[in-house]
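Protein chains in written order, with the working numbering: chain A, 24 to 360; chain B, 28 to 121.
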């Protein structure tokens, strides 16, 4: 999930009898499946929670370019390089769709970026792990984008119109990301013994961080209920995590790799008899440490973002100056006519 | 800190013969750059044959509160729809 541990504003779920008539009408619209649009009235807590969630989602797309961008110049073939470039460019686009959606809630782009740089807003924990070799690029596309899709598909039904529409666009484009990753994994898993070892190593290292993307277990997610009532979260963390595990284990087997967790076993009794894979919990202490800023790459990632912003200031200023000059000149010409 | 670039709304004609459709928005220093950015952000997969950009501040929009006065009057005018009229089957195509 690209938005983890989004703190819902307010104090837990509000019972209907304590809502104002306006809040009740708002909840009725959501219950009826209507979309909320930027100019519609909405509770302050709904707005604040969405700014956090969409903002964090946008930041994740942008920061998510860094681990993959790291391998563009070292892709093994020209074709793989072109594919990776296209994927990283997509991530930039996804970040832009989401920033735009977030801005409709009354926060500016610059404010969002300033909050990220000041550490007041977060991005997904997954991007604080390094990409050590080419197999990691395969595993990131396959697992990380796979987990992101799992989250984003349900968010296409979210109650806030601009967010839902951004999700539709993103989901359409994202499926290529996962498939290109799996295609790298297929190639390496069928390659030399050394290549297969790299593929296995990448899977082993990225498996648990991928499970963490869905956020903490439901029993520890205090904020889920209100967000689900508002339909800005459609499924719980554990539901999505289970779905991801069930989808991915057969793919691991298909690749001929070893399952990265000895507890990954089919359990026919899970999900009321429908069955599902048992799995070990990720190390939640590690998850919270990474979120706090103590992951392997937190400092590097933030430095790269802040440097890009600061060192790009002259370009933004220059283009603004150019636009202002041209506008002034064209106004002068109009006046002279 | 430098000031933020203005926001532009982006409209794309998906295919010849269709009208332009709103696809999203973006920031740019001026309309010319907005067009270039729109091409990169919104047409990476052949989504369009033509792009319009317009500064968001220039758009005048109706407000959700006006829904009643704006659209309620047409609700009762069902005679504006072809199905209002009972034409016998014998008349055939009409």
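All C-beta atoms, glycine included, are put in the ideal place defined by N, C-alpha and C.
Can you find a CB in chain A that lies within less than 9 angstroms of the CB of residue 43 of chain B?
Taking the second chain and counting its residues from 1, the one referred to as residue 43 of chain B is at position 16. Not an interface residue.
What residue range does the alpha helix (DSSP H) around residue 118 of chain A cover?
Residue numbering aside, residue 118 of chain A sits at position 95 when the first chain is read from its first letter. It spans 101-126 - the alpha helix (DSSP H) in which residue 118 of chain A sits, taken as one unbroken run.
Strictly by DSSP, which residues pair up with residue 301 of chain A?
Taking the first residue of the first chain as position 1, residue 301 of chain A is located at position 278. Bridge partners of residue 301 of chain A: A/288.
Is the beta carbon of residue 65 of chain A sitting closer than 9 angstroms to the one on residue 74 of chain A?
Taking the first chain and counting its residues from 1, one reaches residue 65 of chain A at position 42. Taking the first chain and counting its residues from 1, one reaches residue 74 of chain A at position 51. No, the Cβ-Cβ distance between residue 65 of chain A and residue 74 of chain A is not below 9 angstroms.
What are the boundary residues of the alpha helix (DSSP H) that residue 83 of chain A is part of?
Position 60 of the first chain, counted from the first residue, corresponds to residue 83 of chain A. Segment 67-86, the alpha helix (DSSP H) holding residue 83 of chain A.
Name, in chain order, the residues that DSSP records as bridge partners for residue 48 of chain B.
On the second chain, residue 48 of chain B is found 21 positions in, with the first residue counted as 1. Answer is B/39, bridged to residue 48 of chain B.
Residue range of the alpha helix (DSSP H) that residue 130 of chain A falls in?
Along the first chain, read from residue 1 onward, the residue named residue 130 of chain A stands at position 107. Per DSSP, residue 130 of chain A belongs to no alpha helix (DSSP H) and is neither H nor E.
Closer than 7 angstroms at the beta carbon, the chain B residues around residue 346 of chain A:
Counting from one through the first chain, the residue named residue 346 of chain A turns up at place 323. Simply 56 and 57.
Local Cβ density within 10 Å of residue 273 of chain A, reported as buried at 16 or more and exposed below that
In the first chain, residue 273 of chain A corresponds to position 250, counting from 1. That one is exposed.
Does residue 80 of chain B come out as helix, strand or coil in the three-state DSSP assignment?
Here the question's residue 80 of chain B lines up with position 53 in the second chain. Strand, per DSSP.
Residue 186 of chain A - containing alpha helix (DSSP H), residue span:
In the first chain, counting from the first residue as 1, residue 186 of chain A sits at position 163. 184-212 is the extent of the alpha helix (DSSP H) around residue 186 of chain A.
Which ranges would you report for the alpha helix (DSSP H) in the stretch 218-292 of chain A if only whole runs of at least 4 residues count?
247-252 and 260-278
Would you mind working out which of A/49, A/69, A/36 and A/83 sits nearest residue 321 of chain A, comparing C-alpha positions?
Position 298 of the first chain, counting from 1, holds the residue named residue 321 of chain A. That would be A/83, whose Cα lies nearest to the Cα of residue 321 of chain A.
State yes or no: is the beta carbon of residue 274 of chain A nearer than 9 angstroms to at least one beta carbon in chain D?
As a matter of chain content, chain D is missing from the structure shown, whose protein chains are A and B.
Along chain A, which residues have their Cβ under 8 angstroms away from the Cβ of residue 80 of chain B?
Within the second chain, residue 80 of chain B is the residue found at index 53, counting from 1. The contacting residues do not exist; residue 80 of chain B stays about 13 angstroms from chain A at best.
Could you name the residues of chain B that residue 201 of chain A contacts, counting a contact when the two beta carbons are closer than 7 angstroms?
Taking the first residue of the first chain as 1, we reach residue 201 of chain A at position 178. Near residue 201 of chain A there are no residues of chain B at all, since even the closest Cβ is about 16 angstroms away, more than 7 angstroms.
If we ignore side chains and look at the alpha-carbon of each, how far apart do residue 235 of chain A and residue 307 of chain A end up?
Your numbering for residue 235 of chain A matches position 212 in the first chain. Your numbering for residue 307 of chain A matches position 284 in the first chain. Cα-Cα distance, rounded: 8 angstroms.
Extent of the continuous alpha helix (DSSP H) to which residue 173 of chain A belongs:
As a first step, residue 173 of chain A must be located in the first chain, where it is residue number 150. Unbroken alpha helix (DSSP H) run through residue 173 of chain A: 168-178.
What are the complete alpha helix (DSSP H) segments, minimum 4 residues, inside the stretch 33-60 of chain A?
44-54
Since residue 71 of chain B meets chain A, which of its residues come closer than 9 angstroms, beta carbon to beta carbon?
As a position in the second chain, residue 71 of chain B is number 44, starting the count at 1. Neighbours of residue 71 of chain B on chain A, chain order: 109, 112, 113, 116 and 196.
Would you mind working out which of B/77, B/57, B/45 and B/65 sits nearest residue 115 of chain A, comparing C-alpha positions?
Within the first chain, residue 115 of chain A is the residue found at index 92, counting from 1. Selected option, being the one with the closest Cα: B/65.
What separation, rounded to the nearest whole angstrom, lies between the Cα atoms of residue 232 of chain A and residue 310 of chain A?
What you label residue 232 of chain A is simply residue 209 of the first chain in a count that begins at 1. What you label residue 310 of chain A is simply residue 287 of the first chain in a count that begins at 1. Cα to Cα, the separation comes out at about 8 angstroms.
Neighbouring residues, chain A, relative to residue 97 of chain B (Cβ below 8 angstroms):
The sequence position of residue 97 of chain B within the second chain is 70, counting from 1. The contacting residues do not exist; residue 97 of chain B stays about 14 angstroms from chain A at best.
Residue 87 of chain A versus residue 112 of chain A - alpha carbon distance
For the purposes of this step, residue 87 of chain A is taken as the residue at position 64 of the first chain. For the purposes of this step, residue 112 of chain A is taken as the residue at position 89 of the first chain. Cα to Cα, the separation comes out at about 11 angstroms.
Does the Cβ of residue 117 of chain A have 16 or more other Cβ atoms within 10 Å, making it buried, or fewer, making it exposed?
Sequence index remark: in the first chain, residue 117 of chain A carries index 94 (1-based). Flag for residue 117 of chain A reads buried.
Look up residue 342 of chain A in the DSSP assignment and say whether it is helix, strand or coil.
Stepping through the first chain from its first residue, residue 342 of chain A is reached at position 319. Residue 342 of chain A: helix per DSSP, three-state reduction.
Pick from A/276, A/214 and A/148 that is closest to residue 26 of chain A, judged by C-alpha positions
On the first chain, residue 26 of chain A is found 3 positions in, with the first residue counted as 1. Ranking A/276, A/214 and A/148 by Cα distance to residue 26 of chain A puts A/148 first.
Sorted by chain position, which residues of the same chain lie with C-beta nearer than 8 angstroms to residue 150 of chain A's C-beta, five sequence neighbours on each side aside?
Numbered from its first residue, the first chain carries residue 150 of chain A at position 127. Cβ within range, chain order: 83, 86, 87, 89, 90, 320 and 324.
For residue 54 of chain B, three-class secondary structure by DSSP
Position 27 of the second chain, counted from the start, is the residue given in the question as residue 54 of chain B. Residue 54 of chain B falls in the strand class under three-state DSSP.
Assess, as a yes-or-no matter, whether the stretch 47-54 of chain A is touched by the stretch 96-105 of chain A under the definition of 3 or more beta carbon pairs within less than 8 angstroms.
no
Proximity below 9 angstroms, CB of residue 204 of chain A to CB of residue 166 of chain A:
Numbered from 1 along the first chain, position 181 holds the residue referred to as residue 204 of chain A. Numbered from 1 along the first chain, position 143 holds the residue referred to as residue 166 of chain A. Cβ distance < 9 angstroms, so residue 204 of chain A and residue 166 of chain A count as in contact.
Could you check whether the Cβ of residue 120 of chain A sits closer than 9 angstroms to any Cβ belonging to chain B?
Position 97 of the first chain, counted from the first residue, corresponds to residue 120 of chain A. By this cut-off, residue 120 of chain A is an interface position.
Could you work out which residue in A/71, A/312, A/334 and A/354 is closest to residue 8 of chain A when comparing CA atoms only?
Because chain A here runs from 24 to 360, residue 8 of chain A falls outside it and cannot be looked at.
Closer than 9 angstroms, Cβ to Cβ, to anything on chain B: give me those residues from the stretch 49-76 of chain A, in chain order.
60, 62, 63 and 64
If we cut at 9 angstroms on Cβ distances, does residue 75 of chain B have a partner in chain A?
Position 48 of the second chain holds residue 75 of chain B. No, residue 75 of chain B lies away from the interface with chain A (no Cβ there is under 9 angstroms from its Cβ).
Return the residues of the stretch 313-343 of chain A that lie within a Cβ-Cβ distance of less than 7 angstroms from chain B, sorted by chain order.
336, 339, 340, 342 and 343
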